[in-house]
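Residue numbers (the working numbering): 153 to 642.
The beta carbon of each residue, even a glycine, is placed where N, CA and C say it ideally should be.
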């Protein structure tokens with residue numbers, strides 16, 4: 153008898169006609185490195201010039217290999233034949249991005265020949281030289297060794313004429329700033345790849361009246377190529393009912409041994425743990441890469457607990473990220489931040505401001521992993537601060553974001569498409585408040601009230617995503633690659 157394939161919405165099996173059987177897994181991108189010189193120059197200084205340029209390329213590729221272990225290097229491209237071989241190599245290897253470096257001036261027809269084999273990939277030009285200064289004792293041979301700027305200028309001019317997009321950085325072969333820019337570029341390409349074709353599960357809908365969070369699923373697909381899967385609450389409740397008492401007890405003991413508590417009972421912890429297990433099974437069943445849910449008046453009423461700890465545990469144990477209240481824009485931002493930094497961010501809301509430290513105080517939604525706190529000892533299991541239709545106390549993490557460089561971001565929907573908010577900030581040391589909630593004190597450079605005025609004039613959402621580390625360069629690069637406008641604030 154032939155097995156009948158059904159939709160995920162009605163099938164009790166694990167194979168569906170409308171969801172891929174294989175879950176999207178992270179694939180590390182391949183980066184092509186095109187290193188060019190000019191054959192005409194070698195005969196002018198046959199003993200030294202080519203060897204010195206190749207030595208420079210070894211330094212550069214050595215530094216690049218510390219950024220990515222998926223490099224596809226062309227070797228010396230100095231003739232049209234070697235450019236042809238390089239282009240064919242890049243095409244056969246299926247590179248996702250291309251870095252172009254010229255050790256001497258090279259006519260653009262040579263480098264373009266290789267680049268044209270992979271027209272679809274983003275291109276980054278590294279205009280480089282041996283030192284950060286002009287040596288007053290150098291000879292003309294040395295100027296040829298440093299003449300890549302001429303070739304890159306020619307190549308970028310040609311790209312502009314052809315209306316081809318590109319990115320560029322200028323720096324010496326040991327310039328840390330240059331490699332940071334290249335790393336940000338590679339991270340941005342990786343982040344877009346990680347988001348592309350991801351399955352985003354949506355349980356519930358946008359919280360009523362939050363029009364700033366309402367996003368068109370068609371435009372989300374167009375801009376980020378994500379798959380939105382609307383999951384019925386009955387699917388969650390089926391998993392909820394299947395969780396056993398033994399499974400609950402095991403996870404509860406782990407939580408109670410790991411964190412101190414205040415104001416919660418064993419039953420409160422059991423309920424939250426039960427929901428976390430159900431969410432994890434739901435995510436696995438439907439091959440989800442991210443999850444967005446409505447807690448208030450929805451999951452809380454059905455399970456008599458909050459989904460906040462459940463979502464946090466899901467993010468800690470898997471590579472998924474989660475947001476609530478139907479915030480899909482924030483979810484995509486969190487996915488990108490996790491790709492870039494390796495750490496899931498904190499979903500928060502604009503709270504108060506503090507003129508003493510020139511900071512914005514951001515209040516969370518209980519969705520954040522413990523590694524965002526200074527330590528497990530700095531975290532308390534508390535009641536959920538807001539009750540929207542359940543009995544008991546619920547369960548939540550209470551902690552403040554640990555000090556360090558951070559990035560605040562989100563996506564804004566405008567009449568002309570999406571805009572990315574990117575704001576490098578500093579998470580500063582501050583006492584953990586008895587909020588029964590996640591929170592963060594984020595110091596900005598601009599006077600904080602002016603900063604917030606600019607934020608509000610820009611039409612941001614009332615949510616924001618905060619990730620540890622400065623990801624601003626990589627996020628701006630990703631917006632550029634996605635052809636999304638950037639709102640950059642410090």
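On the criterion of 16 or more Cβ atoms from any shown chain inside 10 Å, does residue 285 qualify as buried, or is it exposed? exposed
Which of helix, strand or coil does DSSP assign to residue 605? Here residue 605 sits in helix by DSSP.
As an exercise, report each continuous beta strand (DSSP E) stretch of at least 3 residues that is fully enclosed by the stretch 283 to 368, in chain order. 319 to 324, 351 to 355
With 16 other Cβ atoms within 10 Å as the buried cut-off, status of residue 379: With 16 or more Cβ atoms within 10 Å of its Cβ, residue 379 is classed as buried.
Skipping 5 residues on each side, what residues in its chain have a beta carbon closer than 6 Å to that of residue 320? 277
Cα-Cα separation between residue 190 and residue 256, rounded to whole angstroms: 6 Å
Report all residues from its chain with a CB closer than 8 Å to the CB of residue 153; omit the five preceding and five following residues, and keep chain order. Because the pLDDT of residue 153 is 44, which lies under 50, any placement of that residue in the model is unreliable, and the number read from its coordinates should be weighed accordingly. Around residue 153: no qualifying Cβ.
Give, in chain order, every unbroken run of the beta strand (DSSP E) that is at least 3 residues long and sits entirely within the stretch 430 to 491. 442 to 445, 473 to 476
Quick check on DSSP: helix, strand or coil for residue 636? coil
With burial defined as no fewer than 16 other Cβ atoms inside 10 Å of the residue's Cβ, what is the status of residue 567: buried or exposed? exposed
Look up residue 513 in the DSSP assignment and give the residues it is bridged to. For residue 513, DSSP records a beta bridge to 504, 593.
In three-state DSSP terms, what is residue 627? helix
Among 254, 355, 581, nearest to residue 382 - alpha-carbon criterion: 355
Please report the distance separating the alpha-carbon of residue 391 from that of residue 485. 28 Å
Reducing DSSP to helix, strand and coil, say where residue 397 ends up. Three-state result, residue 397: helix.
In terms of DSSP beta bridges, what is residue 550 paired with? 532
Assuming residue 496 is part of the beta strand (DSSP E), what are its boundary residues? Per DSSP, residue 496 belongs to no beta strand (DSSP E) and is neither H nor E.
Which partner residues does residue 276 have in the DSSP bridge list? The partner list for residue 276 (beta bridge, DSSP) reads 251, 319.
Residue burial classification, residue 623 (beta-carbon count within 10 angstroms, cutoff 16): buried
Same chain, Cβ closer than 6 Å to residue 496, neighbours up to 5 away in sequence not counted: 467, 473, 490, 521
Is there contact here, the stretch 584 to 591 with the stretch 516 to 531, by at least three beta-carbon pairs under 8 Å? yes
Contact belief for residue 418 with residue 377 at Cβ below 8 Å, rounded distance in angstroms: In fact, because the Cβ distance is near 45 Å, the residues do not count as touching under 8 Å.
Take residue 488 as the anchor and find which of 217, 212, 261, 617 has the nearest alpha-carbon. 617
As assigned by DSSP and simplified to three states, the class of residue 153: Confidence at residue 153 is low in this model, with a pLDDT of 44, below 50, so its placement is unreliable and no value can be given for it.
Along the chain, where does the beta strand (DSSP E) containing residue 571 start, and where does it finish? 569 to 579
Hey, residue 343 and residue 420 are a contact pair by Cβ (cut 8 Å); roughly how many whole angstroms apart? The Cβ separation is near 37 Å, so there is no contact.
If you measure between the beta carbons of residue 334 and residue 251, is that distance less than 8 Å? Contact flag set, yes.
Sort 312, 216, 554, 504 by Cα distance to residue 527 and report the nearest one. Selected option, being the one with the closest Cα: 554.
For residue 412, which of helix, strand or coil comes out of DSSP? strand
What is the rounded straight-line gap between the Cα of residue 261 and the Cα of residue 310? 10 Å
Could you work out which residue in 174, 439, 536, 642 is closest to residue 151 when comparing CA atoms only? Nothing about residue 151 can be read from this structure; the chain reaches only from 153 to 642.
Determine whether the beta carbon atoms of residue 212 and residue 325 lie at a separation below 8 Å. Residue 325 sits close to residue 212, with the two beta carbons spaced by under 8 Å.
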